[in-house]
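S.K.: One structure, pasted below without further comment.
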Ligand code: N01
């Protein structure tokens, strides 16, 4: 069977997911003249994480001017750090205005992908089978909630739900509310609802480093200026990108001075906002700042310092119908239990069954420790690229910027296939191995590994699943793809692996 490039036609591209990455993918591909694009979305709306998370206080701790598509800068942002509903509305608006929606098949989960050289066979959840030349995974990272395995959780008499499945029918006013966790999500929730509830109990397993979030509401004159002079919008994007990349992003990969600055800012935040010395002590981490994902939040410390709030640091023993019992035998009576316990970060495109060349199965290949070449490609899976794939730079960066650079890389791959009339591009085993070996060494020098904490960054390999060098280095590598890292096959060439 001949490939699309030698047939001289445009490739049929399947994109899995219509969140931020899927929207960006359609726009970037179309701009590069790859117009035969179909997006498969399991839900009935675009937005991904911003559609699924609706908890009170939901906001983005990356500045709005930078947490924007480079092709759709937004003079209308109302705050320096956007709230969730405004970002979701932005995603929907961009999808509409850039005519992305007509490419999307909503309510269509993808059950399986199977490489049948040189094409991919895609099977939807309803059993429909379609064929594509190229597959782009845009499924996001943190979309499968992790529920804690507390004994008795199912017997709790009140309302219990994960933060990403917020039950808006549950009234909080005057209720006794428990929040499990002190990650970015829990801190935003506690900051947002403590004033409404009768009693707030936060179950903390590990204290967090937390720096203030310098929130600012933008004035109408600012918006008018940005509308009038669009170059100022670009300036804002570059300004925040540059500042964030230079400061704490560098701190995680070895800049001791930046790291010191983060610790000092966090301790100052604690001193300024938690008057009680004993509470301050229980909130003080005993590991290095930025070892876990740094938290930007100005509302948590004042909330937990209120008289009707309590920080519970005894481990949770079990859940009983009346509330939560801790290891010291104390029963914390509750009406509502919020599980802000995070996400499975190792699934990426899974549980979609992805079968590559020679029957290679992606889930088996990864085995709980997903790896990819430059976070985008996996040996044995030709013409398949991932956005926000394993070991990408995540941390506290704008994932939109990362995705857009990855799309430049994918477009360069497609251009290469077109120009060289290739049937497939597949990353070489040795390129993948060398890259991951170097990464394994380098990750040991980052604060995620040396900082003395455990975090969701770790996977079954025992190492953090993150990019260990400077984020700028990653962006540069996406801008200059190395085709020598790929097998380039033409129609009729033998596959690398026997079926
Ligand atoms: O989840 P988390 P999250 N018993 O995994 C605790 C992004 N995000 O939803 O630290 C008791 O960080 C757990 O304790 P410990 C961002 O990338 C971005 O808050 O493991 N406690 C921890 O405190 C973020 O990193 C924004 O000891 C248990 C908490 O639950 C990622 O999402 C906003 C437990 C989980 O924290 C995930 O954040 C919000 C148990 N069995 C989130 N299990 C932006 O602004 C877990 N915990 C862009």
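Numbering (the numbering used here), first residue to last: 198 to 696.
Glycine included, every Cβ here is placed at the ideal spot set by N, Cα and C.
Taking the alpha helix (DSSP H) that residue 602 belongs to, which residues open and close that run?
M.R.: 596-617
S.K.: With a threshold of 7 Å, establish whether the CB of residue 258 neighbours any heavy atom of the ligand N01.
M.R.: yes
S.K.: Please list the segments of the beta strand (DSSP E) lying wholly inside the region 397-445, counting only runs of 3 or more residues, in order along the chain.
M.R.: none
S.K.: Within the chosen definition, does the region 243-259 reach the region 369-387 through at least 3 CB pairs nearer than 8 Å?
M.R.: yes
S.K.: Would you say the beta carbon of residue 358 comes nearer than 7 Å to a heavy atom of the ligand N01?
M.R.: No; taking the cut-off as 7 Å, the Cβ of residue 358 has no heavy atom of the ligand N01 nearer than that.
S.K.: Between 218, 229, 247 and 228, which has its C-alpha nearest residue 236's C-alpha?
M.R.: 218
S.K.: What are the uninterrupted segments assigned as beta strand (DSSP E) that are 3 or more residues long and contained completely in the region 308-333, given in chain order?
M.R.: 316-321 and 326-329
S.K.: Using the Cα positions of residue 420 and residue 434, report the straight-line distance between them to the nearest angstrom.
M.R.: 14 Å
S.K.: Note down the Cα distance separating residue 239 from residue 512, rounded to an integer number of angstroms.
M.R.: 37 Å
S.K.: In whole angstroms, what is the alpha-carbon distance linking residue 309 and residue 211?
M.R.: 12 Å
S.K.: Less than 8 Å between the beta carbons of residue 595 and residue 489, yes or no?
M.R.: no
S.K.: Could you give the DSSP three-state label for residue 647: helix, strand or coil?
M.R.: helix
S.K.: Measure the alpha-carbon distance for residue 655 versus residue 220 and round it to whole angstroms.
M.R.: 29 Å
S.K.: Are there 16 or more other CB atoms within 10 angstroms of the CB of residue 657, so buried, or fewer, so exposed?
M.R.: By the beta-carbon neighbour count (other beta carbons within 10 angstroms, threshold 16), residue 657 is exposed.
S.K.: Taking the beta carbon of residue 486 as the centre, do at least 16 other beta carbons fall within 10 Å, making it buried, or is it exposed?
M.R.: Within a 10 Å sphere around the beta-carbon of residue 486 sit 16 or more other beta-carbons, which makes this residue buried.
S.K.: Rounded to whole angstroms, what is the Cα-Cα separation between residue 581 and residue 502?
M.R.: 50 Å
S.K.: Considering only the alpha carbon of each residue, which of 539, 322, 247 and 374 lies closest to residue 287?
M.R.: In terms of CA proximity to residue 287, 247 leads the group 539, 322, 247 and 374.
S.K.: Please return the same chain residues whose Cβ sits closer than 6 Å to the Cβ of residue 696, not counting the five positions on each side in sequence.
M.R.: Its pLDDT being 48, under 50, residue 696 is placed unreliably by the model, and the measurement read from it follows with that caveat. Scanning its chain for C-beta atoms nearer than 6 Å, with the 5 sequence neighbours on each side dropped, one finds around residue 696 the residues 555, in chain order.
S.K.: Could you check whether residue 672 and residue 602 sit closer than 8 Å to each other, using their CB atoms as the reference points?
M.R.: yes
S.K.: May I ask which residues mark the beginning and end of the alpha helix (DSSP H) holding residue 563?
M.R.: Element bounds for residue 563: 559-563.
S.K.: Quick check: what's the CA-CA separation for residue 315 versus residue 681?
M.R.: In this structure, the CA atom of residue 315 is about 20 Å from the CA atom of residue 681.
S.K.: Could you tell me the alpha carbon to alpha carbon distance between residue 305 and residue 230, rounded to whole angstroms?
M.R.: 25 Å
S.K.: Cα-Cα, which of 573, 660 and 347 is closest to residue 674?
M.R.: The candidate whose alpha carbon is nearest that of residue 674 is 573.
S.K.: Taking the straight line between their C-alpha atoms, what separation do you get for residue 245 and residue 336?
M.R.: One Cα belongs to residue 245, the other to residue 336, and the distance between them is close to 8 Å.
S.K.: Enumerated in chain order, which unbroken segments of the alpha helix (DSSP H) with a length of 4 residues or greater are wholly contained in the region 456-510?
M.R.: Within the region 456-510, the runs of alpha helix (DSSP H) at least 4 residues long that lie entirely inside it are, in chain order, 474-479 and 497-501.
S.K.: Count the C-beta pairs between the region 523-533 and the region 616-632 that are closer than 8 Å, then say yes if the count reaches three, no if not.
M.R.: no
S.K.: Any chance the region 512-525 sits against the region 426-444, with 3 or more Cβ pairs inside 8 Å?
M.R.: no
S.K.: Closest to residue 213 by C-alpha separation, out of 280, 284 and 317, would be which residue?
M.R.: 317
S.K.: Shorter than 8 Å from the beta carbon of residue 623 to some beta carbon of chain B?
M.R.: Protein chain content of the structure displayed is limited to a single chain, and chain B is not contained in it.
S.K.: Have a look at residue 361 and residue 344 and give me their C-alpha separation to the nearest angstrom.
M.R.: 11 Å
S.K.: Excluding five sequence neighbours on each side, which residues of the same chain lie with their C-beta closer than 7 Å to the C-beta of residue 179?
M.R.: What the structure shows of the chain is the stretch from 198 to 696, and residue 179 is not part of that stretch, so it cannot be assessed.
S.K.: Is the Cβ-Cβ distance between residue 437 and residue 262 less than 8 Å?
M.R.: yes
S.K.: Within the chosen definition, does the region 477-486 reach the region 266-274 through at least 3 CB pairs nearer than 8 Å?
M.R.: no
S.K.: Leaving out five residues on either side along the sequence, give the residues of the same chain with a beta carbon under 6 Å from the beta carbon of residue 498.
M.R.: Same-chain partners within the cutoff: 470 and 471.
S.K.: Please state whether the Cβ-Cβ distance between residue 394 and residue 379 is less than 8 Å.
M.R.: no
S.K.: In chain order, what residues of the same chain have a beta carbon less than 7 Å from the beta carbon of residue 424, not counting five sequence neighbours either side?
M.R.: Non-local beta-carbon contacts of residue 424 in its own chain, meaning distances under 7 Å to residues more than five positions away in sequence, involve 272 in chain order.
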